[in-house]
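Numbering (our numbering), first residue to last: 3 to 513.
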């Protein structure tokens, strides 16, 4: 559509379509890649794969490759060297596991593909290799293969409740995908492209495009309706259909007709947070801007603050994930609650896992808290979980806690949730028996003793491990709610059902 618009405008103004197109797509590529880089270095890239704004640069580079006409021909040996190198890059990225979306490094295979399109011809060995009949045959059907294989693979895994294929399954599905691709190319793609009626009349082309658009829009509408239905169900977390941690206090667990929540469509919304910027008692919070790898913020629960006790949640994403549980108690007790957060930063001045940015942020946060805010209480995560060994007190954490206590600030120290080597949400949604196949033993993730915890009448340790990992194991589903959203973070839905337990654990703290 962009290329068609560029062509129409260029011809009307007497400009060269190729030059204008290259300029327009270059601007799109630069803007989109800059946006990707900015977002990528702020944190997780789990949703980038489906973000058009972030991926437009890929299509823009392809469009530029189609429009560019190299005037100078490079020497044979150099084009052949570049051709083989580009092939190695493309094949490597096709074979190596790079996650859902590897971010800016995608530039390598895309640039390599552009090199193959622009520089490699059959007068060099790399070009002759690509011109082999089996590869040409595969290339002629590649777009249909691309369209067919993904839904086929996804449906198979969903029906079989599997996370991966066996070698035999993979080979069979590839053969089946290729067969369907050949059929689709022969029955749909080739006839439409060669259809004289559609190709000789602009209005016929428009009808064809609109028909394709309508089919795609219909699919999006259906998917959106299903997602909305899922979101409606998510709103019922904590009820009998989705009791979450509340089921642990029931005499008998109810039978569930609905699937567990959150569903995949709602997973990106499982990060907790407060809607309002820090003002009033929490004004002037340290702001490190858009720091690479560390998203940081200060947000508060109530707009403009409140008149109750000032309570600050201070920490990283593992403190953030407890916000729904803390908010439950805060609303009942009329706390003026705020959260000062920076991803990936443990609350310690000496912890080796913190980089320089984290250390500076912790120092600035402590100074701001004790000198400016002076809240009635600070809520922190006092322990450090690991997929390799049971949890422990965060090294150097006691120094930060002592700084608050010395200034008359009470401290509520939360016990961290488990961190696993694998994604427990993905395991649960694909397993036939999630709580058997994906569970971990309690003692593998939680230590019997926690030497080094601060001992003070104004330090209160809150341990919700029995509600996260009940009955001696850590299941991925409790009360028809997925406990985790990945390998180390609680889902917002489940965290919210921990609210009554947090309230009970802190009932004797006077603020």
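Don't be surprised by glycine CBs; every beta carbon is placed ideally from N, CA and C.
Taking residue 423 as the centre and dropping the five residues before and after it, the same chain places the C-beta of 389 closer than 6 angstroms to its C-beta, in chain order.
At the C-beta level, residue 255 and residue 278 stay beyond 8 angstroms of one another.
When DSSP reads this structure, residue 379 sits in a beta bridge with 313 and 412. Pairing residue 84 with residue 136, the inter-Cα distance amounts to about 22 angstroms.
Residue 364 is bridged by DSSP to nothing; it lacks a bridge partner. A direct Cα-Cα distance of roughly 37 angstroms separates residue 72 from residue 182. The alpha helix (DSSP H) runs of length 4 or more contained entirely in the segment 147 to 231 are, from start to end of the chain, 169 to 186, 192 to 195 and 198 to 201. With fewer than 16 other Cβ atoms inside 10 Å of its own Cβ, residue 139 counts as exposed. By alpha-carbon distance to residue 318, the top candidate from 419, 265 and 335 is 419. In the DSSP assignment, residue 339 falls within the beta strand (DSSP E) that extends over 338 to 344.
Residue 273 and residue 348 have their C-alpha atoms roughly 18 angstroms apart. In this structure, residue 380 sits near residue 316, with a CB-CB distance shorter than 8 angstroms. Residue 472 and residue 155 have their C-alpha atoms spaced approximately 35 angstroms apart. A distance below 6 angstroms between beta-carbons, with the five flanking residues on each side excluded, links residue 9 to the following residues of its chain, in chain order: 19.
Close CB contacts of residue 477 within its chain, under the 6 angstroms cut and outside five residues either way in sequence, are with 437 and 441 (chain order). Here residue 464 is bridged, per DSSP, to 416. A straight-line Cα-Cα distance of about 26 angstroms links residue 56 and residue 494.
In the DSSP assignment, residue 128 falls within the unbroken alpha helix (DSSP H) covering 127 to 132. Between the beta-carbon of residue 470 and that of residue 262 there is about 16 angstroms, and that puts the pair past the 8 angstroms contact cut. By the neighbour-count criterion, in which 16 or more other beta carbons inside 10 Å mark a residue as buried, residue 417 falls on the buried side.
Residue 482 sits in coil when the DSSP states are folded into three classes, being neither helix nor strand.
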